[in-house]
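Note that this note's numbering numbers the sequence shown so that position 8 is 9, with each residue one more than the last.
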Amino acid sequence: MKLGGLLKSLAPTIASAAGGPMAGMAVKMAASKLGLPETTTANEIEDLIERQPEKAVLVKQADADFKNKIREMEIDLESFKTEVEDRQDAREKNREANDWTPRIFIILCLFLYGAFIIMITVMPHDQNDETIISLVLGQLSALLGTGGAYYFGSQSGKK
């Protein structure tokens, strides 16, 4: 996308993002400030500013908003990285301490899950019990999933 100097001088952050992965978001923010449809292109925004120079103030505001949005996204990314590192650190400390509590808890959950499945399969139950059965089955499934994520980790920290 070739941009003239007008958008580059008024909104440098938006103009620099116009060729990258943030292009859609940058142009949409500028278009919404100008009251244009979301399908507006950067070149159409430049044409509008050339015809109506008073709208340049709105583009500068959109540029400042976009800069703030990028800053928020970077903070969110840093927070996420810290969270992943913290989880990994807790997992490693537990392995080093050789604590059996998580292992016993997961084995107990697995046993309860299997026993519950056998019980609801073998024993007759009426229509009114199905909600409670689904609730308990969901909770036990979530516990097993959490235990698996604890022991085997998640893909969010690996690249």
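Yeah, the Cβ is synthetic: ideal placement off N, Cα and C, and Gly gets one too.
Exercise. So Gln-140 is in the alpha helix (DSSP H); what residue range does that whole segment cover?
Worked result: Numbered from 1 along the sequence shown, position 139 holds the residue referred to as residue 140. Counting along the chain, the alpha helix (DSSP H) containing Gln-140 begins and ends at 131-153.
For this session: Determine the extent of the alpha helix (DSSP H) in which Pro-103 is found, giving its start and end residues.
Result: Within the sequence shown, the letter at position 102 stands for residue 103. Here the alpha helix (DSSP H) through Pro-103 covers 102-123.
For this session: Just the C-alpha distance for Ser-142 and Leu-37, rounded to the nearest angstrom, thanks.
Result: Counting from 1 along the sequence shown, the entry for residue 142 is found at position 141. Counting from 1 along the sequence shown, the entry for residue 37 is found at position 36. If you take the alpha carbons of Ser-142 and Leu-37, they lie about 48 Å apart.
Problem set entry | Rounded Cβ spacing between Ile-50 and Val-60 (contact assumed at less than 8 Å) | Taking the first residue of the sequence shown as position 1, residue 50 is located at position 49. Taking the first residue of the sequence shown as position 1, residue 60 is located at position 59. Indeed they touch by this definition, with Cβ atoms about 6 Å apart.
Exercise. Can you name, in chain order, every residue of its own chain whose Cβ lies under 8 Å from the Cβ of Lys-70, other than the five neighbours on each side?
Worked result: As a working note, residue 70 is residue 69 in the sequence shown. Excluding positions up to five away in sequence, the list reads Met-26, Met-30.
Exercise. Over what stretch of residues does the alpha helix (DSSP H) that includes Glu-45 continue unbroken?
Worked result: What you label residue 45 is simply residue 44 of the sequence shown in a count that begins at 1. It spans 43-52 - the alpha helix (DSSP H) in which Glu-45 sits, taken as one unbroken run.
For this session: Tell whether a beta-carbon distance below 8 Å holds between Lys-56 and Leu-35.
Result: Within the sequence shown, the letter at position 55 stands for residue 56. Within the sequence shown, the letter at position 34 stands for residue 35. Contact: yes.
Exercise. Given that a residue counts as buried once 16 or more other Cβ atoms are within 10 Å of its Cβ, and exposed if not, what is Ile-133?
Worked result: Here residue 133 refers to the residue found at position 132 of the sequence shown. Classification of Ile-133: exposed, given that the 10 Å Cβ count is below 16.
For this session: Give every residue of the same chain whose Cβ lies closer than 6 Å to the Cβ of Ser-33, excluding the five residues on either side of it in the sequence, and list them in chain order.
Result: Here residue 33 refers to the residue found at position 32 when the sequence shown is read from its first residue. So no residue of the chain qualifies.
For this session: Write down the C-beta distance between Val-137 and Phe-106 rounded to the nearest angstrom, noting that I regard them as a contact closer than 8 Å.
Result: Position 136 of the sequence shown holds residue 137. Position 105 of the sequence shown holds residue 106. That pair is no contact at about 17 Å.
Problem set entry | Cα-Cα separation between Ser-80 and His-126, rounded to whole angstroms | Locating residue 80 in the sequence shown gives position 79, where the first residue counts as 1. Locating residue 126 in the sequence shown gives position 125, where the first residue counts as 1. Computed Cα separation, rounded: 47 Å.
Problem set entry | Own chain residues within Cβ distance below 7 Å of Leu-111, not counting five before or after | Along the sequence shown, one-based indexing puts residue 111 at 110. Hits under 7 Å: Leu-145.
Problem set entry | Straight-line gap, Tyr-151 to Gly-139 (C-alpha atoms, nearest Å) | Taking the sequence shown and counting its residues from 1, the one referred to as residue 151 is at position 150. Taking the sequence shown and counting its residues from 1, the one referred to as residue 139 is at position 138. So the alpha carbons of these two residues sit roughly 18 Å apart.
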